[in-house]
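Read through the structure below, which is laid out as structure tokens, and then see the notes.
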Amino acid sequence: MTNITLTASTGVEKVDAIACEIIGKVGESFPGRIRGYYLEGSYADGTAVATSDIDLRVVFKGSLTSAERQEFAQISDECQKNTSIELGITADSEEALFRIGAVRFQKGTLLIYGEDIRPLVPIKPIDSYTLDSMHFPYRLFAQMRGNPEVLTFPLDYPDPEGEFYGCDRRQMRASDGTIHYGTKDLVLNVLCPATALIALDAGQYVVTKRECVIQYRKWINDEWTALVEDIYEQCRNHWNYRVPEAEADRKQLREYCKSALAFENYFLWRYKAFLLAELQHPDEFRQLYAVKRLGQIIYPDQAVRLALENVKKGIRNSDA
5 MTNITLTAST GVEKVDAIAC EIIGKVGESF PGRIRGYYLE GSYADGTAVA TSDIDLRVVF
65 KGSLTSAERQ EFAQISDECQ KNTSIELGIT ADSEEALFRI GAVRFQKGTL LIYGEDIRPL
125 VPIKPIDSYT LDSMHFPYRL FAQMRGNPEV LTFPLDYPDP EGEFYGCDRR QMRASDGTIH
185 YGTKDLVLNV LCPATALIAL DAGQYVVTKR ECVIQYRKWI NDEWTALVED IYEQCRNHWN
245 YRVPEAEADR KQLREYCKSA LAFENYFLWR YKAFLLAELQ HPDEFRQLYA VKRLGQIIYP
305 DQAVRLALEN VKKGIRNSDA
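Quick note: the sequence shown uses the numbering used here, first residue 5, plus one each step.
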């Protein structure tokens, strides 16, 4: 394997060594196809904790074929088997970045090997960014609840009988290789909806978790602000996503879980209005995506039923 010299260091020798191993394996499998390797997340911005993942985006030259994606996924799995730190390795292509644009790629990554194309990639328009941000939390809510076919509003806890109501189900791998049940999903289920609301209400981009906390207070500053701040500071920074051992801390975590459920339902209430507006959008793809999502989230609401019926009538009339 060719010796790899990183363009930039994470400041953590073990993480740098793992990154070099990944770069070597990917480069051998895809000779001449890789434009660059970019760290994302906490190791990119210097805020990593003991349970932080190594998030690495690999950008291919030109387009990325389905066969290459499949082979890349296999290599990613092999890399995970050989390291004690949780990995999040994703493949992207120049073609997609130039065509769609991005936000985090330009503003929140660290180039560690290869060529830097970030100055050439357009910033995703705020309307498209808001659309993506508003649709994303559903996936997190569903994942925490075992990915059921539908979610029903208002949501219940993932496990109403659990000490932490099912918010501690996710297993995490610490940097020393030990496995812990933790609260990373809880943190994401608060910060991602908060990010979406910042985009929707203030038209602002958010790149990092820390930036989400700061911008939420600056632009939104509502009754949920303290929860957003506390979840980030306590669950992520103080407890490192781990379930705390002290009884007082465990009691506090249970309260965070209760408040997080209320915030999830607040977001879904806002999301309902967003989806109803999307049903009226002139872009048919956006209309149909909203219809799909309203089939995945059941709102026991007459306004939703009537809106869906009107869309179906419009489709039938256009086909007539």
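Just so you know, even glycine gets a beta-carbon here, dropped at the ideal spot from N, CA and C.
Rounded to the nearest whole angstrom, the CA to CA distance from residue 182 to residue 88 is 8 Å. Residue pairing from DSSP places residue 177 in a beta bridge opposite 183. Counted as a single uninterrupted DSSP element, the stretch harbouring residue 105 is not any beta strand (DSSP E), since DSSP gives it neither H nor E. Under the three-state reduction of DSSP, residue 157 is assigned to coil, being neither helix nor strand. The alpha-carbon separation between residue 64 and residue 40 amounts to approximately 7 Å. Taken in chain order, the unbroken stretches of alpha helix (DSSP H) that lie wholly in the segment 79-131 and span 4 residues or more are 98-104 and 108-111. If you look at residue 191, you'll find it in the alpha helix (DSSP H) that goes 188-206. In the structure shown, residue 170 falls within a coil segment according to DSSP collapsed to helix, strand and coil. Contact between the segment 233-249 and the segment 176-191 is present: three or more C-beta pairs spanning the two stretches fall below 8 Å. In the DSSP assignment, residue 63 falls within the unbroken beta strand (DSSP E) covering 58-64. Going by DSSP, residue 275 is part of the alpha helix (DSSP H) stretching over 251-282. Scanning 136, 105 and 118 for the CA closest to the CA of residue 124 turns up 105. In the DSSP assignment, no residue is bridged to residue 312.
Shown here, residue 17 sits in a helix according to DSSP, grouped into three states. Under the three-pair Cβ rule at 8 Å, the segment 55-62 counts as touching the segment 93-105. One thing to note: residue 200 has its Cβ within 8 Å of the Cβ of residue 141.
Inclusion of residue 258 and residue 168 in the CB contact set at 8 Å is warranted, their separation being smaller than that value. Here the segment 232-242 does not lie against the segment 151-163, with fewer than 3 beta-carbon pairs under 8 Å apart.
Burial of residue 31 is indicated by the presence of at least 16 other C-beta atoms within 10 angstroms of its C-beta.
In this structure, the alpha-carbon of residue 43 lies about 34 Å from that of residue 262.
Straight through space, the alpha carbons of residue 72 and residue 205 are spaced by roughly 39 Å.
Note that the segment 214-228 does not touch the segment 285-297; fewer than 3 beta-carbon pairs, one per stretch, sit closer than 8 Å. Here residue 68 carries a coil assignment [DSSP, helix/strand/coil]. With a beta-carbon spacing of about 19 Å, residue 241 and residue 19 fall beyond the 8 Å limit used to define contacts. The beta carbon of residue 207 is closer than 6 Å to those of 130 in its chain, skipping five residues each way along the sequence.
When the beta-carbon positions are compared, residue 193 and residue 264 come within less than 8 Å of each other. In the three-state scheme derived from DSSP, where H, G and I count as helix and E and B as strand, residue 245 is classed as coil.
In terms of Cα proximity to residue 115, the closest of 23, 226 and 282 is 23.
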